[in-house]
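Participant:
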Amino acid sequence: MTTHHNSPQDLNAATAEFYSANPQIEDNRLKLHRIEFEVTLRTVLSLIPEGIKANILDVGGGTGPYSFALAAAGHSVTLIDLSPRSHLSRHLALTIQHRTKHQPVSS
376 MTTHHNSPQD LNAATAEFYS ANPQIEDNRL KLHRIEFEVT LRTVLSLIPE
426 GIKANILDVG GGTGPYSFAL AAAGHSVTLI DLSPRSHLSR HLALTIQHRT
476 KHQPVSS
């Protein structure tokens, strides 16, 4: 049976619920398609002038693969995501807390 979502709030809640329950889906996709990840990362980095440490907002960043890479390059990254239960907050606290922040988005 197909569930129909009648409002943007319903769609946001369903999306957040799906990714909260399955945080590995996008991570696995990027691992399988490593070239896509690398090309996207290089494209983003090419837009930042050399020698600049940028403040970057990663909207919908999930578990943070791009946030981690950008922070490792010395940039200050703030990640927001629909999923307040993503595993990201635990990882960030252990690794790059001083450069990356996680903010769940309320639906």
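Residue numbers (this note's numbering): 376 to 482. Note that the Cβ used here is the ideal one computed from N, Cα and C, for glycine as well.
Checking 7 Å against the spacing of the C-beta atoms, do A444 and L416 come in under that value?
Facilitator: For the 7 Å CB-CB criterion, A444 and L416 form a contact.
Participant: Give me the Cβ distance between L454 and S442, rounded to the nearest whole Å; I'm assuming they're in contact under 8 Å.
Facilitator: 5 Å
Participant: Could you say which of H408, S395, A389 and S421 lies nearest to G437 if we only look at CA atoms?
Facilitator: S395
Participant: Taking the alpha carbon of K428 as the reference point, which residue from E413, G449, N387 and T390 has its own alpha carbon closest?
Facilitator: G449
Participant: Run through DSSP, which three-state label would L454 get?
Facilitator: DSSP places L454 in strand when its eight states are reduced to three.
Participant: Secondary structure at N387, three-state DSSP: helix, strand or coil?
Facilitator: helix
Participant: Considering only the alpha carbon of each residue, which of P383, L386, L422 and P440 lies closest to E411?
Facilitator: P440
Participant: Give the DSSP-derived three-state secondary structure of N381 in the structure shown.
Facilitator: coil
Participant: Taking the alpha-carbon positions, what's the V419 to T390 distance?
Facilitator: 25 Å
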